Each structure stands twice: as C-alpha cells, then as structure tokens.
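In my numbering, the protein residues as written are 1 to 169.
Read the structure below first, then the notes.
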C-alpha cells in the first residue's frame, strides 16, 4: 500500500468532526435544558397547589369530625382575631373536651383539643363559621396558595346537640 493511498482512505474520525459533534451537542443541550427545568417547576407548582388543596380538605374534615358531637358553641374576637370554641365528645375516647379553632395573626388556622394542637394550616385568607341557620353550621375556609390563587372550601354540618337559644324570650 502506497503512502498516498492511505491518506485518501477516509476511515476514522477527524478532529474537525469531533469538534462539530461537540458544538452541535452543546447547542441542543443549551436549548433543551431550560425547557426541562421549566417542566419540573410546573410539576412542583401543581403539587404544591394540590397539597394546599388537600390540607384545606383535611382541616375541614378534622373540624367536622369533632364538631358533629358538639354540645356548645361560642365565637369570640380577641385583638381582631377570631376564636371559635366548642365543647364536644371526643371521637377517640368519648370524653367531653374543649376545642378551639384559632385564626392567628400570621395567616394560620389552628385547631386545638384542650390546648393541644391537632392540626394547623398556613396561608389562610379567611375562616368563618356561619351559625345563622342553626343547627346547620356552614364552615368556609379560604386559602391562598403560592401562585396567589384562592382556594375556597365550604362544608355544611348539622350539629343537633348544640342548644338553640330561644329568640322569643
């Protein structure tokens, strides 16, 4: 085989081909990386939204579980903060206990049994218990998620054990 024939045989990869491959791969990665990162951010936002939505559901479920057996209900406002108190029979042991739903100054809602925290939820815009049509109580919870969307949850609960005040006396 002649020396010149070997140079004409184009088997193998040259340095220019390697550089071109690296440049093309770099361009593809530069374009694809922001799209991939943005995709993960979308998934995170929706999971946070779902989590806050579910937390609002769980909070109302917990409150309703205890409120169903309530025998008294009282609503107070202290320093502009709403505090809802009720006395009910505990679903766990059947004993009568005191419960509080406290709307804190830092936009949190706490649910307590005899002073012990049962559940807490953040980013609460508003919580209200409408007792105008007792024994039907309407619980309304407004939560703001990280993307500033408002989630509104409402629960109607019949609390028959709470004594209705006689309005005609």
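By construction, the Cβ of each residue, glycine as well, lies at the ideal position given by its N, Cα and C atoms.
Predicted model only: the values in this text are computed from it and were never measured.
**Request:** Starting from residue 88, follow its DSSP beta bridges and name the residues at the other end.
**Result:** If you number the chain shown from 1, residue 88 lands on position 88. Listed as beta-bridge partners of residue 88 by DSSP are 70 and 97.
>> Quick check on residue 77: does DSSP put it in helix, strand or coil?
In response: One-based indexing of the chain shown puts residue 77 at position 77. Three-state result, residue 77: strand.
Close Cβ partners of residue 128 (< 7 Å) along its chain, the five nearest in sequence each way excluded: Position 128 of the chain shown, counted from the first residue, corresponds to residue 128. Around residue 128: 140.
Exercise for review: For residue 84, I'd like the list of residues in its chain whose CB is within less than 6 Å of its CB, leaving aside the five on either flank, ordered along the chain.
Suggested key: The residue labelled residue 84 in the question sits at position 84 within the chain shown. The answer, listed in chain order, is 75, 101 and 129.
Distance, residue 126 Cα to residue 55 Cα: Looking up residue 55 in the chain shown gives position 55. Looking up residue 126 in the chain shown gives position 126. When rounded, the distance between both Cα atoms is 15 Å.
Handout entry: Residues bridged to residue 154 (per DSSP)
Key = For the purposes of this step, residue 154 is taken as residue 154 along the chain shown, with counting starting at 1. Note: residue 154 sits in a beta bridge opposite 140.
Checklist line | N-terminal and C-terminal residue of the beta strand (DSSP E) that residue 112 is part of | finding: Looking up residue 112 in the chain shown gives position 112. Counting along the chain, the beta strand (DSSP E) containing residue 112 begins and ends at 109–113.
- Beta bridge counterpart(s) of residue 103 as assigned by DSSP: The residue given as residue 103 occupies position 103 in the chain shown. BP columns for residue 103 point to 109.
Subject >> Span of the beta strand (DSSP E), counted from its first residue to its last, around residue 133 >> reply: If you number the chain shown from 1, residue 133 lands on position 133. Counted as a single uninterrupted DSSP element, the beta strand (DSSP E) harbouring residue 133 occupies residues 124–133.
task: Determine contact between the region 58–75 and the region 142–159, defined as no fewer than three beta-carbon pairs at a distance below 8 Å.
output: yes
(request) Would you give the residue range spanned by the beta strand (DSSP E) that residue 119 belongs to? (result) Indexing the chain shown from 1 puts residue 119 at position 119. Run containing residue 119: 116–121, per the beta strand (DSSP E) assignment.
Check your understanding: Should residue 19 go down as buried or exposed, given a rule of 16 or more other Cβ atoms within 10 Å for buried?
Key -> For the purposes of this step, residue 19 is taken as the residue at position 19 of the chain shown. So residue 19 ends up on the exposed side.
Near residue 114, what residues of its chain come up, given a Cβ to Cβ distance below 6 Å and the 5 sequence neighbours on each side ignored? Sequence index remark: in the chain shown, residue 114 carries index 114 (1-based). Closer than 6 Å at the Cβ level, and outside the excluded window around residue 114, lie 97 and 98.
Closest to residue 64 by C-alpha separation, out of 24, 91, 14 and 146, would be which residue? Reading the chain shown from its first residue, position 64 is the one you call residue 64. Minimum Cα distance to residue 64 is reached at 91.
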